[in-house]
Amino acid sequence: MQRLDAGLRHRVRFLLNGRAVEGDAEPRMLASDFLRQVLGATGTHVGCEHGVCGACTIRIDGKAQRTCLTFAVQLDDCRLETIEGLTDDKGDLNDLQTAFRRLHALQCGFCTPGILMSLDQLLEEEPEADEVRIRDVLSGHICRCTGYQGMVDATLEVMAARRNAAGGEE
Amino acid sequence: MEAPWLGKSLERVEDLSLLRGQGQFADDLATPPGTCHAAFLRSPLAHAKIRSVNIHQALSMAGVVAVITGADILAHSKPFITGVKVEAPHYALATDRVRYVGEPVAIVIAANRYLAEDALDAIEVEYAALEALVDPAEAAADTATKLHPSTDGNVLHERSFRYGNPEDAFTKAAHVVETSVHYPRNSCTPMECYVVVARHNAGEDLFEVTANFQGPYTLHTIMARSLKVPGNRLRLKTPPDSGGSFGVKQGIFPYVVALGVAARVAGCPVKWVEDRLEHLSAATSATNRLTTLKGAFDENGRLLALDYDQLEDCGAYLRAPEPATIYRMHGNMTGAYDIQDLAIRNRVVVTNKTPTGLMRGFGGPQIYFPLERLMDLAAKKLAIDPLELRRRNLVPTEAMPYTTASGALLDSGDYTRSLDRAVEEGGLSELIARRDAARTQGRLYGIGYAAVVEPSISNMGYITTLLTPEQREKAGPKNGALATATVSFDPSGSITVNTSSVPQGQGHRTVLSQVVADALGVHPSTIVVSSDHDTNKDPWSIASGNYASRFAGAVTGAAHKAAMKLRERLTRIAAADLNIPVEEVEFGGGKVYARGNPDNALPIARPAAKAHWSPLSVPDEAGVGLRETAIWTMPELTEPDEADRINSSGSYGFIFDICGVEIDPDTFAVRIDKYVTMHDAGRLLNPMLADGQIRGGFSNALGAALYEELAYAADGSFLSGTFVDYLPPTAVEVPDLVILHDQSPSPFTPLGSKGLGEGNCMSTPVCIANAVADAVDRDITTLPLTRSRLAGLVMATEAEDARSVPVAPAPPPGEGHALRGEGSTMVPASPADVWAVILDEEKLASVIPGCHELQNLGDNAYRADVTLGIGPVKGRFRAEVVLLDLDEPRSLRLVGGASGPLGISQGEGHVTLVETPEGTRVDYHYAVRISGKVAAVGSRLIDGAARTLINSFFKHLVSQTTNQATGQTETAPAQGLFARILAFFGITS
Ligand code: FES
Ligand code: FES
C-alpha cells in the first residue's frame, strides 16, 4: 500500500454518480468533508462525525457506508452513489423518493439523504425484507423529526410495488 | 385534490429539493471569498478561575489568522441582558471564570477547520479549580459556593404567587396528596448542529451574519446590544433550510456574538460549524427542575387547590429568554383541570451545568410530570379509577372560554368529549383486558394516562410575571405576539409569500401556500413561499421566529390577512375590468370572474399585472403595485394584571394520551405496547403535517421518558458527549401511534387553528411514567426510565412494601468518572530491581508509553509530556506526578494528574512490592478522577482501556526490569494508543 504523507495532499479520483471526479486531499481529510467542501456535493450531510447518526451515509462500491468514518483518500478508484444521483434517468424522483414525499417520511430532510442511501441498498439486496428488518436497517440512522413511521411505510410500499411490477413482467 | 386547500393533506413543496439533496442548509451556502474557519477551545472543568491564557504558540501555527480570547470579548462586546436584574454577567466567551464543562474560552481562526483545531492544542490555559455545584438543591443552599461572586447567592430569582384561597382549600381538604419529583436535563438535539458565518464591515461598523437561528427575535436586540451596534447594524440572515431545531437553535445566539467579534478582530469573514460533542455538551438543555406539588382533594376526588414549589436549574448563566421555562406555563399551571385556588413558589438557581433554553414542550414536561403523577397518586389514595378522577376534574365544556386561576384564557375545546373519544376509539377496554391477561400470567404490564393543555403563541409579556407589579409598572407593559407576513404579486402576476416564521423543517412553505391559495383562488403550486429571512430586508418584529408553536395560529393568520387585503384590492381592479359591481367578483381556478356569469372572467394575473404596468389605470383606492404586509396580534394577550394573572399564550389545545407498556422482568426494558394520542388543536390546516408533528414530538418525548439524559458527574464532568451516551430513539424503539383529532376552532386565531407540535413533549413523558408506575407498582419520581434505574427501583424496594415508600428524587449523579481499581502482577526480578526501574527517570520514561519527555523536578517529582488517545479523541498531555512515602524497596504512593486539551485528571495510587519465590509481586490500587472531553466521549471505553493499559504498563515494567536484572539492552516498548492512557491517569510512574 502506498504510504501517504501527513503534510501533503494526494490526488483522489473516483466515480461519483457515474461521473469521473477528482481532487486533492490531505490524508486526514474525511470523505464527508471532501464530498461537501472540495466537490461541492452538499447533499450528503454530517450529523455527528462519530459514526452513529448515519446522516453521512453514501454507497461506496454498492455498500452503504459512513463517510464521516472514511478518509477521502480511501475513495480512490471507488464507485460512489449519493443522494444527488438517486433520481431516475429523467431527473424525476424515484419510487422511494416519491413514497417518502407522499407518506411524509421527512420533515427537515437533514437525515434523509443518508437514510435513502441505506434503504436504496436494502431495496436492491433484500427486496423481501419485512418491517422488522426495515426497522433494523433504519436503526443505523437517527431522525429527530419524524418518528420513522413514514419511512417504514414508504419502504414497505415500494417493495410491494416493485414486486408487483416484477411479477407483472414475468 | 382541489380547493379549498386548507384542511387537505397536500404533499410538501419542500420535499422536491430535500429529496434530491438540493436543500440549502446553512453549511451548504457559499461563503464570501477569504472566509476563515473557527474552532473553540472549551473548558474541561465545571468551575474554575482562569489564571492565564497563553496563545503565543497557537498564533505561530500554520494557517492561523487570529486567536480570540476573553480579553477581545471584553473589549468588543457587552454582556447579554436577561429578564432578571442580577450581577451575573454572561459574555460570549469566558472572561475570568469558567462555569460549565464546554464553556467557550478561546477561538482559533485559521485557514480551515483542521488547522484551527490543530492550534487549539497549542493554547495553554491555567485554571484554578473551584468547587462545582451540580445539584440544584445544594446550589440553592445559603452556604453554597457562589457561581457569580457579586450575587447574594445562587438563587437568582424567587417569587411566590397565590390565586384564590389555597390555604383555605388545603385546610378544608379531605385528602392532601403530595409528590416530589425531579425532571432531568435533556435536549431534542436537531440533526443539524449550529452554523454561523459572520463578517464585519469595518467601514460602516455593520455585522452581517448568516446563522441557522430560529428566533425568537427578541434575541436580535440582545445580540445587537452585546455587539454594541443598533439593530440595523446587525444584519441577521437565516438560510432557506434548517435541519430541525425544536427550540434548540435559539441557543445559537451567544455564538453569533462570539463570531461577530472574531470576524471583527480577525478582519475576515469567519465560519463555524458546531460539532456534535460541542452541541451535546455546551449548546443548550431543557431545565432540570425539582418540584414538590401538593393537591387538596375533597372526598369525591374533586381537586380543590394546587400548591407548587419549584426549583428551576438554569445552568451556569441565566441566558435569555430564561428564566422563561418556568413562566411559560404560568397561566395554565392547573393543566386541564378546573381549579381556582392555586399557590406557586418559583425559585431559579444557577449550577455548573450548560445554560438552558427553549426546548420543544418548553416548560410543559416540567409541570405535567408532577401534576399528572399527582393525579395517579391521588387516584390510588382515594381509591378512584385514575381515568375517572381526571374526568371529574376537567374544565367543563360550557365554561369555555375559561379563565384559569392564574389568568390563562382557555379558548376552546370539549375536554370531556375528547377524553371519551380517546377511550372509545383508542380501544382502552381492550388494553385493560390485555393488562389483566398479562398480570394473571405474572407479567409486568401497565396503563398510563395524561391530560394536558398545550399552550401556543406566547404572550411577549408572560416573562414579566417574574417582576412584581410595581417593577412592571416602572418598566412599562409588554404584551402581544406580533406576527408578520407579506404577500405580493410581481409584474407577471405570480405570487410570492414571505413571513418571519423561520421554518425548521415543519413544512411552513406548503401550509402558507395553502392559506394564500384559498384566499386568492389559485393553485398552491403556483405560489412561491420563501423561507429564508433577512432582518434588513424582510418584515419582522420582536415575536418573530419559530417557537412556542406560533406558526399554525399566528403566522398563518397574518398570511391570511395579507392575502385577504390583496384580494380586496384585486376585487376593485377586476370589477372595473369585468365591468361588474365589486360584490359580484369571485376568485377561483386562477381566475377572477363574475359570480353570475363565470364566462366573464380574467386570469388573476391580468388585474395583478395591471397594478404594476399601468398604475394610472387602476381605481384609486386599489393603489399601485400589489404587495401587502399584514401584522397581526391578539387583543387577548395583555400584560400581567396587578394580581399577577397572565394569559401566557394565545391559544390552548387539549391532549389526552393513553399508553400500555410491558416491562421485561429480566432486563427491565420498557416496550410501548400501544400509544393513543388524542389532540384538539382547533382547525387542522394540513392533517398529514399535523400528524407528522405529533409523531415527531412523540419520538422526542419517548427519548425523554426512557433513554435521553444530559448527564453530569458529581464534579460537574459532562458524561453524554456522543450519540452512544446520549440516546435518541431509533426506528426500533419508536412504535406506531394511534392519532385521533378533535377540532374545536379557536375563536381568537384568524383561521381557528392552534399549535400542536409540542404537546406530546408535555404529555408523553408522564403518560409513559404513569404506565410504568402502574406496571411495577412503584412511585416514579424522575426520568428517564432507563433499565438500570428501573431495576434499581424495583429491586431496592422489593423487600419492603413499596407501595407506601416514595422513592427520593434523583440522587445527584454518582461518582461519574471516578475510576478505581486494584490488582497485582508478577515480575521475575527482585523488589530491589523493580524499585530501581521505578526510580530511574530514564528507565521510567521508557516505561511510560507515549512519553515525549520526562523531567525530574527534584524531590521525587516528575513532569512528563505524553500523547494520549481514547475513543475518538487524541491529544497531548502534561502529567505531573510526585512519589511519596517511599519505603525502599517495599512501597510507595504516587499523587498527581495530567492536563491537556482532552481533559484533566487527578489521582492517587499505591504500589506495594512483595518478595516471592518467583520474584516480586506488585500490588497496586488507584483512584483517579477525570473530567473534560475524555469524560464526555470516552466513558464507555475508560474502564476497559484502563485495565488494558495497566496490564501493558506492567508488561513493560517486567521487560525493563528483566533487562535491568540481566543487563541486556532494553527494547523500547510499543507506543500504543491505549498504552498512553496509563500516563494520563497518573498511575504510570
Ligand atoms: S455524521 Fe457520519 S454517522 Fe453521523
Ligand atoms: S427529517 Fe429532520 S432529522 Fe429526519
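Sequences listed follow chains A and B, in order.
Under the numbering used here, read the first sequence as residues 7 to 176, first letter to last.
Under the numbering used here, read the second sequence as residues 232 to 1220, first letter to last.
Think of the CB as a built atom: it goes at the ideal place given N, C-alpha and C, for glycine as much as any other residue.
All of these numbers come straight from a predicted model, not from anything done at the bench.
Practice item. With a cut-off of 8 Å on the beta carbons, I'd call B/GLU245 and A/GLY120 a contact; round off their distance for me. Key: As a first step, residue 245 of chain B must be located in the second sequence, where it is residue number 14. As a first step, residue 120 of chain A must be located in the first sequence, where it is residue number 114. 18 Å between Cβ atoms; not a contact.
Point to revise | When B/ASP1154, B/ALA805, B/PRO1120 are compared against B/GLY1054, the one with the closest alpha-carbon | key: Here residue 1054 of chain B is taken as the residue at index 823 of the second sequence, counted from 1. Nearest option by C-alpha distance: B/ASP1154.
Check your understanding: Between the C-alpha atoms of A/GLU32 and B/SER308, what's the straight-line distance to the nearest angstrom?
Key -> Position 26 of the first sequence, counting from 1, holds the residue named residue 32 of chain A. Position 77 of the second sequence, counting from 1, holds the residue named residue 308 of chain B. Cα-Cα distance, rounded: 37 Å.
**Study point:** Simplified DSSP assignment, three categories, for B/TRP771
**Key:** Translated into positions along the second sequence, residue 771 of chain B becomes position 540. If DSSP states are grouped into helix, strand and coil, B/TRP771 belongs with coil.
Review point. Where the beta carbon is closer than 6 Å to any heavy atom of ligand 1, which residues qualify, in chain order?
Key: A/VAL52, A/GLY53, A/CYS54, A/GLU55, A/GLY57, A/VAL58, A/CYS59, A/GLY60, A/ALA61, A/CYS62, A/ARG72, A/CYS74
Point to revise | Buried versus exposed call for B/THR402 [16 or more other C-beta atoms within 10 Å across all chains shown] | key: Translated into the one-based positions of the second sequence, residue 402 of chain B becomes position 171. Burial call: exposed.
Practice item. Flag this pair as yes or no: are the beta carbons of B/ARG576 and B/SER391 separated by less than 7 Å? Key: Looking up residue 576 of chain B in the second sequence gives position 345. Looking up residue 391 of chain B in the second sequence gives position 160. Yes; because the gap between Cβ atoms is below 7 Å, this pair is in contact.
Practice item. Go through its chain and collect everything with a Cβ distance to A/CYS151's Cβ below 6 Å, but skip five positions before and after it. Key: In the first sequence, counting from the first residue as 1, residue 151 of chain A sits at position 145. Cβ neighbours of A/CYS151 beyond the five flanking positions: GLN113, CYS114.
**Study point:** Whole-Å CB distance - B/SER418 paired with B/MET590, under 8 Å assumed
**Key:** Locating residue 418 of chain B in the second sequence gives position 187, counting from the first residue. Locating residue 590 of chain B in the second sequence gives position 359, counting from the first residue. Between B/MET590 and B/SER418 the Cβ distance is about 6 Å, and since that is below 8 Å, they are a contact.
Review point. Of the residues that make up the stretch 70-101 of chain A, which ones have a beta carbon closer than 8 Å to any beta carbon in chain B?
Key: THR88, ILE89, GLU90, LEU92, THR93, LEU99
**Study point:** Helix, strand or coil at B/ILE1221 [DSSP, three-state]
**Key:** Residue 1221 of chain B lies beyond the residue range present for chain B, which begins at 232 and ends at 1220; the question has no answer from this structure.
Review point. When you compare only the Cα positions, how much space is there between A/GLY13 and A/ARG34?
Key: Translated into positions along the first sequence, residue 13 of chain A becomes position 7. Translated into positions along the first sequence, residue 34 of chain A becomes position 28. Distance between the alpha carbons of A/GLY13 and A/ARG34 is about 9 Å.
**Study point:** Counted within 10 angstroms of its Cβ, other Cβ atoms place B/GLY1047 as buried (16 or more) or exposed
**Key:** For the purposes of this step, residue 1047 of chain B is taken as residue 816 along the second sequence, with counting starting at 1. The predicted model places B/GLY1047 with a pLDDT of 46, which falls under 50 and marks its position as unreliable, so this point remains unresolved.
Exercise for review: Evaluate contact between the stretch 1106-1120 of chain B and the stretch 1060-1069 of chain B, counting only Cβ atoms and requiring at least three cross-stretch pairs below 8 Å.
Suggested key: yes
Practice item. On a CA-only basis, which of B/ILE598, B/ASN519, B/LEU605 is nearest B/PRO525? Give me that one, please. Key: By one-based count along the second sequence, residue 525 of chain B stands at place 294. Sequence check: residue 525 of chain B is Lys here, not Pro. Of the listed residues, the one whose Cα sits closest to B/LYS525 is B/LEU605.
Practice item. Would you verify that the beta carbon of A/PRO119 is, or is not, closer than 7 Å to some beta carbon of chain B? Key: Taking the first residue of the first sequence as 1, we reach residue 119 of chain A at position 113. Cβ-Cβ to chain B under 7 Å: yes for A/PRO119.
**Study point:** Contact the stretch 747-766 of chain B vs the stretch 467-475 of chain B: 3+ CB pairs below 8 Å
**Key:** yes
Point to revise | Residue span of the beta strand (DSSP E) that contains B/MET606, given as start and end | key: Locating residue 606 of chain B in the second sequence gives position 375, counting from the first residue. Note, B/MET606: premise wrong, no beta strand (DSSP E); alpha helix (DSSP H) at 595-613.
Exercise for review: Mind reading off the beta-carbon distance from B/ARG1107 to B/ASP1090? Whole number of angstroms is fine, and I expect it under 8 Å.
Suggested key: Looking up residue 1107 of chain B in the second sequence gives position 876. Looking up residue 1090 of chain B in the second sequence gives position 859. About 25 Å separates the two Cβ atoms, so there is no contact after all.
Review point. Going by DSSP, what residues sit across from A/VAL18 in a beta bridge?
Key: Here residue 18 of chain A refers to the residue found at position 12 of the first sequence. In the DSSP output, where bridge partners are listed per residue, A/VAL18 has A/GLY29.
Review point. Is any heavy atom of ligand 2 found at a distance shorter than 6 Å from the C-beta of A/CYS117?
Key: Here residue 117 of chain A refers to the residue found at position 111 when the first sequence is read from its first residue. Indeed, a heavy atom of ligand 2 lies less than 6 Å from the Cβ.
Check your understanding: Can you give the beta carbon distance from B/GLY821 to B/PRO834, rounded, assuming they're within the 8 Å contact cut?
Key -> As a first step, residue 821 of chain B is located in the second sequence; it is residue number 590 there, counting from the start. As a first step, residue 834 of chain B is located in the second sequence; it is residue number 603 there, counting from the start. Sure, about 6 Å apart at Cβ, within 8 Å.
Review point. Candidates B/ILE312, B/GLU543, B/GLY265: which alpha carbon is nearest B/HIS451's?
Key: Counted from its first residue, the second sequence places residue 451 of chain B at position 220. The shortest Cα separation from B/HIS451 among B/ILE312, B/GLU543, B/GLY265 belongs to B/ILE312.
Review point. Of all the options B/PRO275, B/ARG282, B/ILE338, which has the alpha carbon lying nearest to the alpha carbon of B/ILE304?
Key: For the purposes of this step, residue 304 of chain B is identified with residue 73 of the second sequence, where counting begins at 1. Taking only the C-alpha atoms, the option nearest B/ILE304 is B/ILE338.
Practice item. In the DSSP assignment, find the unbroken alpha helix (DSSP H) run with B/ARG674 in it and report its ends. Key: Your numbering for residue 674 of chain B matches position 443 in the second sequence. Where B/ARG674 is concerned, there is no enclosing alpha helix (DSSP H), given that its DSSP letter is neither H nor E.
**Study point:** Coil, strand or helix - B/THR787 by DSSP
**Key:** As a first step, residue 787 of chain B must be located in the second sequence, where it is residue number 556. Three-state DSSP puts B/THR787 in a helix.
Check your understanding: Name the chain B residues whose beta carbon is nearer than 7 Å to that of A/ARG148?
Key -> Stepping through the first sequence from its first residue, residue 148 of chain A is reached at position 142. The displayed chain sequence assigns Ile, not Arg, to residue 148 of chain A. Here the neighbours are MET422, PHE954, PRO959, THR961.
Review point. Using 8 Å as the threshold, is the stretch 706-725 of chain B in touch with the stretch 429-438 of chain B, meaning 3 or more CB pairs across them?
Key: no
Review point. Going by alpha carbons, who is nearest to B/ASN385 out of B/SER1190, B/ALA368, B/GLY679?
Key: For the purposes of this step, residue 385 of chain B is taken as residue 154 along the second sequence, with counting starting at 1. For the residues B/SER1190, B/ALA368, B/GLY679, the minimum Cα distance to B/ASN385 belongs to B/ALA368.
**Study point:** Cα-Cα separation, B/SER930 to A/GLY153
**Key:** Walking along the second sequence from the start, residue 930 of chain B turns up at place 699. Walking along the first sequence from the start, residue 153 of chain A turns up at place 147. Distance between the alpha carbons of B/SER930 and A/GLY153 is about 5 Å.
Point to revise | C-beta neighbour in chain A for B/ALA1020, strict 7 Å | key: Within the second sequence, the letter at position 789 stands for residue 1020 of chain B. Per the sequence shown, residue 1020 of chain B should be read as Arg rather than Ala. B/ARG1020 does not count as touching chain A.
Check your understanding: Taking a cut of 7 Å between CB atoms, which residues from the stretch 110-136 of chain A lie near chain B?
Key -> HIS110, LEU112, GLN113, CYS114, GLY115, PHE116, CYS117, THR118, PRO119
Review point. Beta-carbon separation of B/SER977 and B/SER732 under 7 Å?
Key: Counting from 1 along the second sequence, the entry for residue 977 of chain B is found at position 746. Counting from 1 along the second sequence, the entry for residue 732 of chain B is found at position 501. In this structure, B/SER732 does not lie closer than 7 Å to B/SER977 by Cβ.
Exercise for review: Would you grab the beta carbon distance between B/ALA341 and B/ALA353 for me? Rounded to a whole angstrom, and I think it's under 8 Å.
Suggested key: Working through the second sequence from its first residue, we reach residue 341 of chain B at position 110. Working through the second sequence from its first residue, we reach residue 353 of chain B at position 122. 11 Å between Cβ atoms; not a contact.
Review point. Can you name the start and end residues of the alpha helix (DSSP H) that B/GLY711 belongs to?
Key: The residue labelled residue 711 of chain B in the question sits at position 480 within the second sequence. Unbroken run through B/GLY711: none, as it is neither H nor E.
Review point. Just to check, is the beta-carbon of B/GLY736 closer than 6 Å to a non-hydrogen atom of ligand 2?
Key: Position 505 of the second sequence, counted from the start, is the residue given in the question as residue 736 of chain B. Yes; taking the cut-off as 6 Å, the Cβ of B/GLY736 has a heavy atom of ligand 2 nearer than that.
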